[in-house]
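Trainee:
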Amino acid sequence: MPRHLEALLTIAATAVAIAFYASVSYWPKDWTERPVIPNVAVLLGPSVLASARPAPVLNLAFPDDVATVVRRSGINGETGLIPTAASITTFRVRATGDLVSVAAPTGVDPIRRISNDAEPSLRVRGAYAVASEDRGNTVIRWTEDGVTYEVSSRTLDVPALTALANKLR
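In this text, residue positions in the sequence shown follow this note's numbering: the first is 584, and each later residue adds one.
1) Bridge partners for Thr721 per DSSP, in chain order?
2) Distance check for Tyr732 and Thr651, CA to CA, integer angstroms please.
3) So, for Lys750: in the same chain, excluding its five sequence neighbours on each side, which residues have a beta-carbon less than 7 Å away from its beta-carbon?
4) Could you tell me whether the stretch 718-738 touches the stretch 669-684, where touching means 3 or more Cβ pairs closer than 8 Å?
5) Helix, strand or coil, according to DSSP, for Arg636 in the structure here?
6) Helix, strand or coil for Glu589, going by three-state DSSP, please let me know.
7) Just tell me which of Val640, Val676, Arg708 has its CA closest to the CA of Ala669.
8) Apart from the five residues on each side of it in sequence, which residues of its chain come closer than 8 Å, Cβ to Cβ, to Asn553?
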């Protein structure tokens, strides 16, 4: 096809498209309310996504004035560019120089409050938490919004680690 015919065809197709879109506002209302395909129902009502809860935050972090990132690695041990999944992040606390690791470990049971526990003694970010010491490492775990988080340190005790964990965002 010669070049001038291609240009003419392009101009004609553009004019038809503009005329089509310009005329839509003049169509009868019942034309626009009908589905394009007759057997497909018209979607009415709220969106399913409107009632969905927001995705939980998997990687909690300290404010810059509290601690700085020393190392970040994926839950599977990979370093470098971290995928959108959870990572293990090690921070250095600015005030004391202590190292603190923050993670959302996979494959762990959620932390639930024991029913006969009158008032839990340990809370992190408003959620019930449990503390343990394993091989010289103090670990605090809690569950919020369906995600179990843990904060650990070799040098900090439970009250100091709890106070620091409450600063996570």
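By construction, the Cβ of each residue, glycine as well, lies at the ideal position given by its N, Cα and C atoms.
Mentor: Answer, in terms of the structure:
1) Thr721 pairs with Glu716, Ser736.
2) About 19 Å.
3) The beta carbon of Lys750 sits closer than 7 Å to those of Phe645, Pro646, Val649, all from its chain and outside the five residues before and after it, given in chain order.
4) Flag = yes, the stretch 718-738 and the stretch 669-684 touch.
5) Arg636: coil per DSSP, three-state reduction.
6) Helix.
7) In terms of Cα proximity to Ala669, the closest of Val640, Val676, Arg708 is Val640.
8) Past the boundaries of the shown model lies residue 553; the chain is included only from 584 to 752, so the question cannot be answered.
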